[in-house]
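Notes follow once the structure below has been shown.
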Amino acid sequence: MPTHLVTGNAGFIGFHVTKKLLADGVDVVGFDNVNDYYSVELKRDRLKALESAASEPGSGKYTFVEGDLADQSAVDGLFESQSFDRVVHLAAQAGVRYSVTHPRTYIQSNVVGFINILECCRYAKTPHLTYASSSSVYGANTSIPFSVHDNVDHPLSLYAASKKANELMAHTYSHLYRLPTTGLRFFTVYGPWGRPDMALYIFTRAILRGEPINVFNDGKMKRDFTYVDDIVEGICRTSEQIAAPSENWSGDHPDPASSTAPFRVYNIGNNEPVELGRFIEVIEEAIGRKAVRNLMPMQPGDVPMTFADTDALRDAVGFSPSTTIEIGISRFVQWYRSYYGE
């Protein structure tokens, strides 16, 4: 059976990717440092759920290794212990606002950690590395929808800069060592088992408890909210389609999304921006209770809108996200109430 390495598999997206791969009969090695950026208990519960999933008939074999990507010896040891048919690199220090106050954390996790993965994939001759980028790389761009063919050299947070750096580092290794790499720019992912620092989690908890919520930019921000199952489908499909050089790439008119090297970048978003105010309304409908809103100004590092052009992804793997927020939020609220007994 094929074996996939999934880094960050105690995290939100990594958990769901691992669960799907196991259900598909793929052997998975998960790697995560289970840090305390948010609830360690939630991360441990995800890991327990994966152990349970691995015990199901027809499931792939599951192994979990606890370690830090910034620890070169730990990552080297991981790759020395076995070979991987695919590496899905989802581990990272997340959060735009946290990067304003804790910048060095992002260099260690997102830059040092990524170079350790690249080096190991290089020497192990990994057939394909798929890694998480972010819609945050579009930064000051105002051309809507955001296209992977656009220049993204004006990030507005260190988090965004670290993700842009990942794409540049990946291209270098694709060029120098012919390592196939695919970067996926995620657009505001949400769903069951989500991160407690994300808006949906914060709003749901506060509304259920009758507490006020802070609504930034007076609720006028728009986000391309993308349901986690759609993200997972996109990750799994692109992971299986090994990045290849583009025959039409030209240095006279360089396309940022491809290369003469085996390198690709895709957006994964719902292709339908939703105003934050409407997002909150749908949460209220799912819960059956109105929110008390504190209207706040825009926060440092935030952007007014995200909007994914997913044509490249659809052309490459025949898939684009499409789950509506009405369906996705309802599923999250059901999970939240079940998990917390509220």
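In this note's numbering, the protein residues as written are 13 to 354. Beta carbons: idealized from backbone N, C-alpha and C, even for Gly. None of these values were measured; they are calculated from a predicted model.
Taking the Cα positions, residue 233 is about 11 Å away from residue 319. With a threshold of 16 other beta carbon atoms within 10 Å, residue 339 falls short and is exposed. Around the Cβ of residue 227, a 10 Å sphere holds 16 or more other Cβ atoms; the residue is buried. The C-alpha of residue 99 lies about 15 Å from the C-alpha of residue 190.
Within the same chain, 46 come within 8 Å of residue 52 by CB-CB distance, once the 5 residues on both sides are set aside. In this structure, DSSP gives residue 110 a helical state, which the three-state scheme calls helix. With respect to residue 349, residue 279 sits apart: the two C-beta atoms are not nearer than 8 Å.
Taking a C-beta distance under 8 Å as the contact criterion, residue 13 and residue 42 do not qualify as a contact pair. DSSP places residue 299 inside the alpha helix (DSSP H), whose first and last residues are 288 to 299. DSSP places residue 117 inside the alpha helix (DSSP H), whose first and last residues are 115 to 118. For residue 74, the enclosing beta strand (DSSP E) begins and ends at 74 to 78. The alpha carbon of residue 344 has as its nearest neighbour, out of 272, 285, 91, 297, the alpha carbon of 297. Residue state for residue 143 is assigned as strand, using DSSP reduced to three classes. In this structure, the straight-line span from the alpha carbon of residue 218 to that of residue 302 is close to 11 Å. Contact check for residue 32 and residue 244: beta-carbon distance about 5 Å, within the 8 Å limit, so the pair qualifies.
Each residue's CA atom was taken as its position, placing residue 63 and residue 18 some 15 Å apart. Nearest C-alpha to residue 93 among 155, 146, 15, 116: 15.
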